[in-house]
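To start, the structure itself, in structure tokens.
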Amino acid sequence: MMFFRFCRETRSGRSFSSARSSCCRATTTTGFHSSPNILLCPSSRQQTLSLVLCLLLYSFTRLLSRDIDFSSPLRCREHCRKTPLTEDCLRDHELISRGDDSCVASTLNPSLHIVMLGLDSAGKTTVLYRLKFNEFVNTVPTIGFNTEKIKLSNGTAKGISCHFWDVGGQEKLRPLWKSYSRCTDGIIYVVDSVDVDRLEEAKTELHKVTKFAENQGTPLLVIANKQDLPKSLSVLDIEKQLALQELTPATTYHIQPACAIIGEGLHEGMDKLYEMIVKRRKSLKQKRKR
Numbered sequence: 000m001m002f003f004r005f006c007r008e009t010r011s012g013r014s015f016s017s018a019r020s021s022c023c024r025a026t027t028t029t030g031f032h033s034s035p036n037i038l039l040c041p042s043s044r045q046q047t048l049s050l051v052l053c054l055l056l057y058s059f060t061r062l063l064s065r066d067i068d069f070s071s072p073l074r075c076r077e078h079c080r081k082t083p084l085t086e087d088c089l090r091d092h093e094l095i096s097r098g099d100d101s102c103v104a105s106t107l108n109p110s111l112h113i114v115m116l117g118l119d120s121a122g123k124t125t126v127l128y129r130l131k132f133n134e135f136v137n138t139v140p141t142i143g144f145n146t147e148k149i150k151l152s153n154g155t156a157k158g159i160s161c162h163f164w165d166v167g168g169q170e171k172l173r174p175l176w177k178s179y180s181r182c183t184d185g186i187i188y189v190v191d192s193v194d195v196d197r198l199e200e201a202k203t204e205l206h207k208v209t210k211f212a213e214n215q216g217t218p219l220l221v222i223a224n225k226q227d228l229p230k231s232l233s234v235l236d237i238e239k240q241l242a243l244q245e246l247t248p249a250t251t252y253h254i255q256p257a258c259a260i261i262g263e264g265l266h267e268g269m270d271k272l273y274e275m276i277v278k279r280r281k282s283l284k285q286k287r288k289r
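See the structure below:
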């Protein structure tokens, strides 16, 4: 009872001290016990215990009031309900695992869930905000993720709404990639075409992602970024370095040369990704009819 009263007091806008006092009064009048031998109020020692408990409850309610769980968009079902597309994707994959793919094959979602991965400093966030604002946005390294809803404005994918998740590429954040890429419609993997020394590392991380059970068959768009720089590798060289032809047989991919700063190649790449997503949906539909 004290927990619910404290939550109600703090979330209704009352100050922490006021809410704490209210809780202490409530425990005094009701004789609330945390154990058979400890009365939280009114003794000084028990008041201290009550204060500690109230602090813990306050911290907990602050966590509950956050709009986004920064550890993963699929951390819990409640957060999934706040992002209907993610919830739909989760449901689709659950049905596919039971052999029922009618929900995903019948129609294409009006909004697509796209996750953007790649090593740190590859240019993922620059790609994201070039697609959103159609202009260069000076960015800083992503700690956690960025998420944006974008309606594509060019090419065959014009008018299609996409919910992008741009996930940090630092080594300590890469274990989270599995959670973010789970149940996605498409994966964008951004590569720095100039940073030859890290292409082997980029290859290793990419192959890890495509081997996740939840990502089998998920369309992959590889963006060979920074093609405007003189020492950038060609698309053919990058395809070879990343060993794209050695990806799992179910993985369809397209590698797109691009320059995120000026936006060159991005819309062409999104068109290809959209086409692969549509093709996959049609394939699932035909598979069901057999």
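Position 270 (the sequence shown) corresponds to 269 in numbering that gives the first Met the number 0; numbering is contiguous. All C-beta atoms, glycine included, are put in the ideal place defined by N, C-alpha and C.
> Run through DSSP, which three-state label would residue 123 get?
Replying inline: helix
>> Can you find the residues in the same chain that come closer than 6 Å, C-beta to C-beta, to residue 246, ignoring five residues on each side of it along the sequence?
In response: 209
>> Just to confirm the assignment, what range does the alpha helix (DSSP H) spanning residue 110 have?
In response: Element bounds for residue 110: not the alpha helix (DSSP H) but the beta strand (DSSP E), 110-116.
> Between which two residues does the beta strand (DSSP E) carrying residue 255 extend?
Replying inline: 252-256
> Straight-line CA distance for residue 120 to residue 140?
Replying inline: 7 Å
>> Suppose you measure from the CA of residue 136 to the CA of residue 128; what does that come to, to the nearest Å?
In response: 6 Å
> To the nearest angstrom, how far is it from the Cα of residue 48 to the Cα of residue 170?
Replying inline: 41 Å
> Can you pull the DSSP bridge partners for residue 222?
Replying inline: Looking at the DSSP assignment, residue 222 forms a beta bridge with 189 and 255.
> Hey, residue 183 and residue 146: beta-carbon distance below 8 Å or not?
Replying inline: no
> Measuring CB to CB, does residue 113 end up less than 8 Å from residue 187?
Replying inline: Yes, the Cβ-Cβ distance between residue 113 and residue 187 is below 8 Å.
> Do the stretch 189-198 and the stretch 221-237 meet, that is, are 3 or more Cβ pairs less than 8 Å apart?
Replying inline: yes
> Looking only at DSSP bridge pairs, what is residue 145 linked to?
Replying inline: 165
> Assuming residue 265 and residue 130 make a contact with CB atoms under 8 Å, what is their CB distance in whole Å?
Replying inline: 6 Å
>> Contact defined as beta carbons within less than 8 Å: I believe residue 234 pairs with residue 254. What is the distance between those atoms, to the nearest angstrom?
In response: Correct: roughly 5 Å between the Cβ atoms.
> To the nearest angstrom, how far is it from the Cα of residue 296 to the Cα of residue 251?
Replying inline: Because the chain is modelled from 0 through 289, residue 296 falls outside the range shown and cannot be assessed.
> Of all the options 158, 148 and 125, which has the alpha carbon lying nearest to the alpha carbon of residue 273?
Replying inline: Closest by C-alpha distance to residue 273, out of 158, 148 and 125, is 158.
>> Just to confirm my understanding: we take residue 133, look at its own chain, exclude 5 residues before and 5 after, and list those with CB closer than 7 Å. What are they?
In response: 262
>> Can you tell me where the alpha helix (DSSP H) holding residue 263 begins and where it ends?
In response: No alpha helix (DSSP H) holds residue 263; DSSP gives it neither H nor E.
> In terms of residue numbering, what span does the alpha helix (DSSP H) encompassing residue 208 cover?
Replying inline: 198-210
> Roughly how many angstroms separate the alpha carbons of residue 143 and residue 165, rounded to a whole number?
Replying inline: 9 Å
> Secondary structure at residue 230, three-state DSSP: helix, strand or coil?
Replying inline: Here residue 230 sits in coil by DSSP.
> Should residue 212 be labelled buried (16 or more other beta-carbon atoms within 10 Å of its own) or exposed?
Replying inline: exposed
> Quick one: what's got a C-beta closer than 6 Å to residue 286's C-beta in the same chain, skipping five residues either side?
Replying inline: none
> With respect to the alpha helix (DSSP H) encompassing residue 177, which residues constitute its N-terminal and C-terminal limits?
Replying inline: 176-180
> Hey, residue 185 and residue 111: beta-carbon distance below 8 Å or not?
Replying inline: yes
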